[in-house]
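Residue numbers (the working numbering): 3 to 405.
No residue lacks a Cβ here, since even glycine has one placed at the ideal position from N, Cα and C.
The structure displayed is predicted, hence computed values, not measured ones.
Note sheet for the following structure.
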């Protein structure tokens, strides 16, 4: 609508100028067309974020990452990049209106928003305007599942389950595994579904995963540990809170079971949640593995990560370290530029949207980035092991593009 209004105003003004003679036309050309040409040489990238409101603090890191990336990479396709920052005010009812304002402002692509609910509220607006958008820290899978115009740079929650299955099959050689699951645990259910799907795709068998469910109020796990012991591999995937995991693993050790335990990123504190473990010099957690969180530390070898660190230290003082959320904001901006480079245009938003899915091996601050057919990132993810001397990385899951 905004573009139609601008076109109508242009035609009206031109008609009036032609009636006034050549000198007026020359002035009109200089003031209008030269201004239009200057505007056309600028690429606008929308930043759709809660700059104010309840979610402003949570969004601050990813916003800073976007701004730092823009300061280091201010051009694309030979043109200057302008950030058009739009405040959705942490309000899901206001978000669609702000998204529409960005579309009418002529942005080529949108970055954000922090909080999945805000991104979902704007998703239909971006889709209707054929405007690509990149979620930064929103891990809700629905965002990319419901729109081909929305992609993301952070991994979805269930990706940890996928990585656990890769480790179990490719590194441990497990052809059948057991899974312990608390009934009604929706968050870890997503991880377990991803784990199960990947194991079944590896083995081609619906019987490769032995699912053992237990009630939330369980205190004695003997029965469930026995049920989980029936697979040949001895591998048990158990995504759960560390407080619960240490009790179950301790009981299994006391009953002389020898399992290969595999958990989620919450197990990073597994050996510290129960003081008696360290006080008594216990060792039953040695050899326990878990899929670790992605962090800036794991991507420290990329050039982009180093550039981000230097820019962040310059802004905040020597020794200051950016967060992983800042790195994701940085990478969202890089992904936007890469998509326009691949498309060869900053004005054809449909072409830019399609080119996002062709990004492969982008060296970002948060790691090497490629997108799958859903628009979710394919990233290397570490698996750590608890040892006597602490936690150590023992494997890196490197997914293949398109698989």
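query: Name the DSSP beta bridge partners of residue 327, please?; result: None, per the DSSP bridge assignment.
query: Let me know the beta strand (DSSP E) ranges lying completely inside the region 323 to 402, each 3 residues or longer, listed in chain order.; result: 364 to 366, 369 to 373, 383 to 389 and 392 to 399
query: Can you list, in chain order, the residues of its chain whose CB lies under 8 Å from that of residue 202, leaving out five sequence neighbours each side?; result: 208, 210 and 211
query: Where does residue 21 sit, in a helix, a strand or coil, going by DSSP?; result: Low confidence applies here, because residue 21 scores a pLDDT of 49, under 50, leaving its location unreliable; read the following figure in that light. Helix, per DSSP.
query: Exposed or buried, what is residue 333 when buried is set at 16 or more other beta-carbons lying within 10 Å of its beta-carbon?; result: buried
query: Is it buried or exposed, residue 43, if we count other Cβ atoms within 10 angstroms and call 16 or more buried?; result: exposed
query: Residue 75 lies in the alpha helix (DSSP H); which residues open and close that run?; result: Unbroken run through residue 75: none, as it is neither H nor E.
query: For residue 340, does the count of other Cβ atoms within 10 angstroms reach 16, so buried, or fall short, so exposed?; result: buried
query: Please state the DSSP three-state secondary structure of residue 50.; result: strand
query: Using C-beta distances below 8 Å, list every residue in its chain close to residue 389, excluding the 5 sequence neighbours before and after it, in chain order.; result: 288 and 289
query: Since residue 184 sits in a beta bridge, which residues does DSSP pair it with?; result: 216
query: Taking the C-alpha atoms as reference points, what is the distance between residue 292 and residue 84?; result: 42 Å
query: Excluding the five sequence neighbours on either side, which residues of its own chain have a C-beta within less than 8 Å of the C-beta of residue 56, listed in chain order?; result: 92
query: If I measure Cβ to Cβ from residue 368 and keep anything under 6 Å in the same chain, skipping five residues before and after, which residues do I get?; result: 301, 329, 330 and 333
query: Exposed or buried, what is residue 324 when buried is set at 16 or more other beta-carbons lying within 10 Å of its beta-carbon?; result: buried
query: Which whole-angstrom value is the C-beta distance of residue 193 and residue 162, which I expect to be below 8 Å?; result: 5 Å
query: List the endpoints of the continuous beta strand (DSSP E) containing residue 154.; result: 152 to 154
query: According to DSSP, is residue 111 helix, strand or coil?; result: strand
query: For the putative contact between residue 398 and residue 379, defined by C-beta atoms under 8 Å, what is the C-beta separation to the nearest angstrom?; result: That pair is no contact at about 15 Å.
query: When the Cβ atoms of the region 230 to 243 are set against those of the region 177 to 190, are three or more pairs found closer than 8 Å?; result: yes
query: Could you tell me whether the Cβ atoms of residue 78 and residue 348 are closer together than 8 Å?; result: yes
query: Report the start-end ranges of each alpha helix (DSSP H) in the region 182 to 262 that is 4 residues or longer and not cut off at the edges.; result: 188 to 205, 224 to 230 and 244 to 256
query: With 16 as the cutoff for other CB atoms within 10 Å, does residue 318 come out buried or exposed?; result: exposed
query: May I ask you to verify whether the region 101 to 117 touches the region 45 to 60, counting CB pairs closer than 8 Å and requiring at least 3?; result: yes
query: Evaluate the contact criterion for the region 259 to 266 versus the region 158 to 172: three or more CB pairs, one atom per stretch, below 8 Å.; result: yes
query: If we ignore side chains and look at the alpha-carbon of each, how far apart do residue 153 and residue 165 end up?; result: 20 Å
query: Name the two residues that bound the continuous alpha helix (DSSP H) containing residue 161.; result: 161 to 168
query: Taking the beta carbon of residue 67 as the centre, do at least 16 other beta carbons fall within 10 Å, making it buried, or is it exposed?; result: buried
query: Tell me which residues share the same chain as residue 401 and place their Cβ nearer than 6 Å to its Cβ, disregarding the 5 neighbours each side in the sequence.; result: 380
query: Considering just the uninterrupted stretch of the alpha helix (DSSP H) at residue 275, what are its terminal residues?; result: No alpha helix (DSSP H) holds residue 275; DSSP gives it neither H nor E.
query: Within 8 Å, do at least three Cβ pairs link the region 102 to 112 to the region 125 to 135?; result: yes
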